[in-house]
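Peer 1: Residue numbers (the numbering used here), protein chains in the order written: chain U, 1 to 447; chain E, 448 to 894. Here it is: the structure, laid out below.
Spelled out as structure tokens, the structure:
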């Protein structure tokens with residue numbers, strides 16, 4: 001009989017994760033959680049599906065188009081979340097009384113976008129957000145930068161740059177020039193600076209925001225300020241002088257830089273960069289982007305900033321806050337490219353060969369006592385010939401194989417094979433597994 | 448101006464998780480991962496969305512009805528996974544060559560079902576599956592039981608029962624009675640035994656499976672066998688004698704019980720229970736259900752069993768295996784009811800009061816060195832009055848508050864307040880934060 005099979009395949013833009021990619025992914029998420037927790041951020045979770053009215057229109061025209069929308073069993077219009085910011089806003093508005101303020105949350109979960117996969121984008125990817133809600137304090141800005149720094153460092157990156165700006169600089173300048181109400185169109189143009197160059201950005205500001213040519217010059221002068229962080233602070237301070245918002249922005253940046261230095265963040269890792277704008281009018285204060293010095297082309301791996309009003313669509317309460325989002329997929333790609341992901345070893349380093357079927361309970365007992373001693377161990381399930389089992393052990397990357405046939409067990413011993421060097425030692429089991437544990441640790445901790 | 452707001456609400460049957468429920472949930476998942484890993488299971492992940500043809504018809508009529516289905520942006524028929532078994536089957540068939548056999552996987556992810564919420568069911572819930580694929584070995588059966596046992600024990604349960612059966616007993620008996628081809632209808636009837644009683648089950652077997660009354664008696668006699676595990680083994684052995692499958696089933700159960708005993712699983716935690724059938728014809732060998740002795744009504748918190756053919760719909764390769772699934776939501780409910788979830792403390796136990804705005808960098812430095820010493824710490828973001836900050840600390844469940852104004856810092860000291868007792872100690876910061884770390888540990892580790 002030849003049944004017709006359903007072809008086993010994933011949807012375009014969706015991925016399976018095999019253990020070799022899933023293990024570093026889980027490690028990365030663990031590290032993020034650990035760093036978030038060390039700063040007092042607490043975990044939250046929201047549903048994958050939301051009422052369509054919660055999601056629609058919250059991320060712009062493009063995002064609306066990419067939204068996975070459908071009618072559920074009750075005929076309700078629903079959608080899969082496309083980011084974690086909109087669900088966080090809905091969540092905070094809904095549970096405000098129980099949460100209390102300030103509220104520090106982290107949120108790690110997949111999001112879905114019907115992206116054009118030709119651009120190499122995935123339609124399902126993981127976001128790792130953290131936010132401090134309900135305070136305008138510079139402390140929360142500083143801690144956000146510290147978390148980004150600690151996170152990259154804890155993951156194992158050494159050479160990275162956190163680019164910092166404050167939206168108040170540009171807002172202040174525009175106020176002084178009487179152009180405050182054109183900020184959105186100007187930001188939209190400035191966002192393209194790296195891509196299309198200063199001349200075309202100036203043209204766009206004239207066309208879409210109706211700026212005079214000499215005002216485009218002032219705006220470009222601000223965002224093109226270069227030099228050391230201190231030089232930029234001085235120069236930008238001069239450019240926004242007389243604007244209360246602009247001066248406050250300079251002051252907050254100065255405090256941020258001083259505080260990061262005081263807590264031991266190497267100076268080279270923080271760069272004032274007045275050109276980074278981070279999209280549209282959501283952000284109102286400090287903004288962050290993080291690049292890897294060896295792979296700048298990969299783009300920002302951790303971005304965020306301060307906002308004035310997280311949940312204005314869902315509550316009359318104005319909720320200021322600051323947060324950022326770790327780009328998990330980009331980071332994993334980068335770690336692969338930089339050779340930062342070790343050759344994958346199985347999570348259990350020890351394989352017990354299933355040698356003699358009459359001795360199964362001995363193997364199970366040894367496995368149990370090793371687990372009790374904190375050593376993860378797998379018992380090969382079938383009494384196949386030893387060569388076959390050792391081939392499996394090598395292919396899977398086990399570090400140690402335990403081999404004990406009738407002779408060994410009758411003599412209360414066990415062969416401990418170092419699978420990297422190929423050498424074996426005989427270890428006594430006469431007094432329990434203590435010696436065995438020592439020998440395994442010697443191999444695992446060895447060079 | 449009074450904007451009209453979008454009401455912040457979740458969909459019926461969907462839940463937000465606030466930190467007080469999310470923290471134990473994360474802990475539970477961590478524990479599951481740790482136990483799975485200690486046995487050599489490796490993590491995998493599959494997409495939330497699958498081609499509809501992968502999902503449809505794989506879980507029965509009811510499941511098809513509950514499937515969240517829609518057309519995606521490319522007009523493809525897609526659906527949200529309703530369990531992790533079907534995606535695992537598709538995954539294994541698709542990646543078989545790369546995975547190799549035997550393959551041990553764990554898979555922790557949400558699934559979606561458009562359930563009737565009036566039955567108290569959720570439409571989004573987490574599953575935690577683990578499976579050993581590609582072997583018929585009893586070792587894999589035994590390890591599955593050991594994982595269930597270690598898992599419940601590691602979570603903190605003391606009084607629980609793993610109910611064990613083997614489908615081969617009934618299959619063997621039916622073979623002997625010449626009723627093998629009616630097994631599905633008979634199993635379907637037997638599954639209702641606890642609910643509708645033996646008489647109505649007998650009637651159903653006569654009606655739907657066409658059994659003779661005296662055969663229903665034999666079937667019921669088998670599944671109603673009671674006594675100690677040893678008594679049941681003997682009695683069941685007598686009932687299936689002469690059927691090769693039935694006798695093999697008895698032998699495997701005997702080996703399972705002996706092996707669990709040999710590895711130190713307390714005898715009272717394992718109960719032979721010939722009545723458990725676990726649904727339809729998917730399982731072919733050992734089956735497991737796990738109940739909490741103090742809350743039997745909550746149902747099984749970890750169930751699974753052995754199957755002959757995981758992925759027959761997607762590949763001609765026959766893949767036998769064994770696995771089980773942890774009922775995360777039920778377990779959390781049980782832990783809450785049994786008072787096993789501690790009063791929620793924030794993940795950062797130490798709050799640094801923001802006392803003197805001119806001393807912010809001192810507070811940030813203290814926070815950094817405490818984090819470097821492994822102590823999670825939050826800096827209150829605003830220099831509000833101390834009473835307000837201490838109220839926040841108490842409401843959030845912080846254990847320790849650090850208070851340092853200008854006088855303390857000028858004298859290189861810091862007040863360490865134990866928030867449970869209300870007492871304070873002054874600690875010197877003259878030689879760094881070493882003394883501070885000691886004092887904090889004294890409070891955190893204290894009674």
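Even for Gly, the Cβ is constructed at its ideal location relative to N, Cα and C.
Under the rule that 16 or more other beta-carbon atoms within 10 Å means buried, what is residue 445 (chain U), buried or exposed?
Peer 2: In the first chain, residue 445 (chain U) corresponds to position 445, counting from 1. It counts as exposed.
Peer 1: Short of 8 Å in beta carbon distance, which residues of its chain neighbour residue 687 (chain E), apart from the five on each side in sequence? Order them along the chain.
Peer 2: Numbered from its first residue, the second chain carries residue 687 (chain E) at position 240. Cβ within range, chain order: 616, 619, 620, 623, 669, 693, 694, 696, 697.
Peer 1: In the DSSP assignment, the alpha helix (DSSP H) including residue 586 (chain E) goes from what residue to what residue?
Peer 2: Reading the second chain from its first residue, position 139 is the one you call residue 586 (chain E). Element bounds for residue 586 (chain E): 585 to 602.
Peer 1: Quick one: list the residues of chain U neighbouring residue 522 (chain E), beta-carbon separation under 8 Å, in chain order.
Peer 2: Translated into the one-based positions of the second chain, residue 522 (chain E) becomes position 75. Ordered by position in chain U, no residue passes the 8 Å Cβ test against residue 522 (chain E), which lies about 11 Å from the chain.
Peer 1: In the DSSP assignment, the beta strand (DSSP E) including residue 26 (chain U) goes from what residue to what residue?
Peer 2: As a first step, residue 26 (chain U) is located in the first chain; it is residue number 26 there, counting from the start. Segment 19 to 38 is the alpha helix (DSSP H) holding residue 26 (chain U); no beta strand (DSSP E) there.
Peer 1: Just list the beta strand (DSSP E) runs in the stretch 304 to 337 of chain U, keeping only unbroken ones of 3 residues or longer that don't cross its boundaries, in chain order.
Peer 2: 321 to 326, all fully within the stretch 304 to 337 of chain U.
Peer 1: Do you know whose CA, among U:256, U:107, U:362, U:124, lies nearest residue 115 (chain U)'s CA?
Peer 2: Walking along the first chain from the start, residue 115 (chain U) turns up at place 115. Nearest C-alpha to residue 115 (chain U): U:124.
Peer 1: Closest by CA to residue 349 (chain U), which one among U:400, U:81, U:126?
Peer 2: Counting from 1 along the first chain, the entry for residue 349 (chain U) is found at position 349. Per the Cα distances, U:400.
Peer 1: For the putative contact between residue 144 (chain U) and residue 320 (chain U), defined by C-beta atoms under 8 Å, what is the C-beta separation to the nearest angstrom?
Peer 2: Reading the first chain from its first residue, position 144 is the one you call residue 144 (chain U). Reading the first chain from its first residue, position 320 is the one you call residue 320 (chain U). Contact flag wrong, Cβ pair sits at about 13 Å.
Peer 1: Could you pull out every unbroken alpha helix (DSSP H) segment of at least 4 residues lying fully inside the stretch 606 to 636 of chain E, listed in chain order?
Peer 2: Whole alpha helix (DSSP H) segments, 4+ residues: 614 to 623.
Peer 1: List the whole-angstrom C-beta distance separating residue 610 (chain E) from residue 723 (chain E), where the pair is believed to meet the contact cut-off of C-beta under 8 Å.
Peer 2: Working through the second chain from its first residue, we reach residue 610 (chain E) at position 163. Working through the second chain from its first residue, we reach residue 723 (chain E) at position 276. That pair is a contact at about 5 Å.
Peer 1: Contact between the stretch 52 to 61 of chain U and the stretch 482 to 495 of chain E is defined here as three or more beta-carbon pairs at a separation below 8 Å; is this criterion met?
Peer 2: Counting Cβ pairs under 8 Å, fewer than three are found: no touch.
Peer 1: Taking only three categories from DSSP, how would you classify residue 241 (chain U)?
Peer 2: What you label residue 241 (chain U) is simply residue 241 of the first chain in a count that begins at 1. Here residue 241 (chain U) sits in coil by DSSP.
Peer 1: Does any residue of chain E have a CB that is nearer than 8 Å to the CB of residue 22 (chain U)?
Peer 2: Residue mapping note: residue 22 (chain U) aligns to position 22 of the first chain, counting from 1. With 8 Å as the cut-off, residue 22 (chain U) counts as an interface residue toward chain E.
Peer 1: Between U:227, U:426, U:203, which has its C-alpha nearest residue 216 (chain U)'s C-alpha?
Peer 2: Indexing the first chain from 1 puts residue 216 (chain U) at position 216. Ranking the options by Cα distance to residue 216 (chain U), first place goes to U:203.
Peer 1: Rounded to whole angstroms, what's the CA-CA distance from residue 762 (chain E) to residue 756 (chain E)? Just pull it up for me.
Peer 2: For this step, residue 762 (chain E) is matched to residue 315 along the second chain. For this step, residue 756 (chain E) is matched to residue 309 along the second chain. Their backbone Cα atoms lie some 10 Å apart in a straight line.
Peer 1: If you drop the 5 nearest sequence neighbours on each side, which residues of the same chain put their C-beta closer than 7 Å to that of residue 255 (chain U)?
Peer 2: Your numbering for residue 255 (chain U) matches position 255 in the first chain. Hits under 7 Å: 138.
Peer 1: Using a beta-carbon distance below 8 Å, is residue 72 (chain U) in contact with chain E?
Peer 2: The residue you call residue 72 (chain U) lines up with position 72 of the first chain. Chain E contact via Cβ: present.
Peer 1: Contact defined as beta carbons within less than 8 Å: I believe residue 82 (chain U) pairs with residue 113 (chain U). What is the distance between those atoms, to the nearest angstrom?
Peer 2: As a working note, residue 82 (chain U) is residue 82 in the first chain. As a working note, residue 113 (chain U) is residue 113 in the first chain. Going by Cβ atoms, the distance from residue 82 (chain U) to residue 113 (chain U) rounds to 5 Å, so yes, they are a contact pair.
Peer 1: Per DSSP, what are the beta-bridge partners of residue 422 (chain U) in this structure?
Peer 2: Position 422 of the first chain, counting from 1, holds the residue named residue 422 (chain U). Looking at the DSSP assignment, residue 422 (chain U) forms no beta bridge with any residue, so it has no partner.
Peer 1: Quick check: the Cα distance between residue 879 (chain E) and residue 809 (chain E), rounded to an integer number of angstroms?
Peer 2: On the second chain, position 432 is the one that residue 879 (chain E) refers to. On the second chain, position 362 is the one that residue 809 (chain E) refers to. For residue 879 (chain E) and residue 809 (chain E), the distance between alpha carbons rounds to 12 Å.
Peer 1: Since residue 266 (chain U) meets chain E, which of its residues come closer than 8 Å, beta carbon to beta carbon?
Peer 2: In the first chain, the residue the question calls residue 266 (chain U) occupies position 266. Those do not exist, as residue 266 (chain U) stays about 13 Å from chain E at its closest Cβ, beyond 8 Å.
Peer 1: For residue 200 (chain U), count neighbouring Cβ atoms within 10 angstroms of its own Cβ and tell me buried if that reaches 16, exposed if not.
Peer 2: Your numbering for residue 200 (chain U) matches position 200 in the first chain. Exposed, since its Cβ has fewer than 16 Cβ neighbours within 10 Å.
Peer 1: Going along chain U, which residues have a C-beta under 8 Å from residue 525 (chain E)?
Peer 2: As a working mapping, residue 525 (chain E) is identified with position 78 in the second chain. Result: 11.
Peer 1: Short check: CB of residue 752 (chain E) to CB of residue 735 (chain E), under 8 Å?
Peer 2: Taking the second chain and counting its residues from 1, the one referred to as residue 752 (chain E) is at position 305. Taking the second chain and counting its residues from 1, the one referred to as residue 735 (chain E) is at position 288. It is a contact, given that the beta carbons lie within the stated cut-off.
Peer 1: Please classify residue 273 (chain U) as buried or exposed, where buried requires at least 16 other C-beta atoms within 10 Å of its C-beta.
Peer 2: Mapped onto the first chain, residue 273 (chain U) falls at position 273. Label assigned to residue 273 (chain U): buried.
Peer 1: Within 10 Å of its beta-carbon, does residue 834 (chain E) have 16 or more other beta-carbons around it, so buried, or fewer, so exposed?
Peer 2: Here the question's residue 834 (chain E) lines up with position 387 in the second chain. It is exposed - the Cβ of residue 834 (chain E) has fewer than 16 other Cβ atoms within 10 Å.
Peer 1: If I measure Cβ to Cβ from residue 873 (chain E) and keep anything under 8 Å in the same chain, skipping five residues before and after, which residues do I get?
Peer 2: Here residue 873 (chain E) refers to the residue found at position 426 of the second chain. Here the set comprises 855, 860, 861, 862, 863.
Peer 1: State the Cα-Cα distance for the pair residue 101 (chain U) and residue 92 (chain U), rounded to the nearest angstrom.
Peer 2: Residue 101 (chain U) sits at position 101 when you count from the first residue of the first chain. Residue 92 (chain U) sits at position 92 when you count from the first residue of the first chain. In a straight line, the C-alpha of residue 101 (chain U) is about 10 Å away from that of residue 92 (chain U).
Peer 1: Using a Cβ-Cβ distance under 8 Å, would residue 40 (chain U) count as near chain E?
Peer 2: Here residue 40 (chain U) is taken as the residue at index 40 of the first chain, counted from 1. For residue 40 (chain U), the answer is yes, since a Cβ of chain E falls inside 8 Å of its Cβ.
Peer 1: Within 10 angstroms of its Cβ, does residue 455 (chain E) collect 16 or more other Cβ (buried), or is it exposed?
Peer 2: To locate residue 455 (chain E), count along the second chain from 1; it is residue 8. Under this definition residue 455 (chain E) is a buried residue.
Peer 1: Could you check what DSSP says for residue 498 (chain E) in three-state terms: helix, strand or coil?
Peer 2: Reading the second chain from its first residue, position 51 is the one you call residue 498 (chain E). It is a strand residue.
Peer 1: Leaving aside the five residues before and after residue 550 (chain E) along the sequence, list all residues of the same chain whose C-beta is less than 6 Å from its C-beta, in chain order.
Peer 2: What you label residue 550 (chain E) is simply residue 103 of the second chain in a count that begins at 1. Same-chain partners within the cutoff: 580, 581.
Peer 1: Can you pull the chain U residues whose beta carbon is under 7 Å from the beta carbon of residue 584 (chain E), in chain order?
Peer 2: The residue given as residue 584 (chain E) occupies position 137 in the second chain. Chain U residues near residue 584 (chain E): 381, 382.
Peer 1: Which runs of the alpha helix (DSSP H) fall wholly inside the stretch 693 to 722 of chain E and span at least 4 residues, in chain order?
Peer 2: Counting only runs of 4 or more, we get nothing.
Peer 1: Skipping 5 residues on each side, what residues in its chain have a beta carbon closer than 8 Å to that of residue 394 (chain U)?
Peer 2: As a first step, residue 394 (chain U) is located in the first chain; it is residue number 394 there, counting from the start. Within the same chain, residue 394 (chain U) has close Cβ partners 419.
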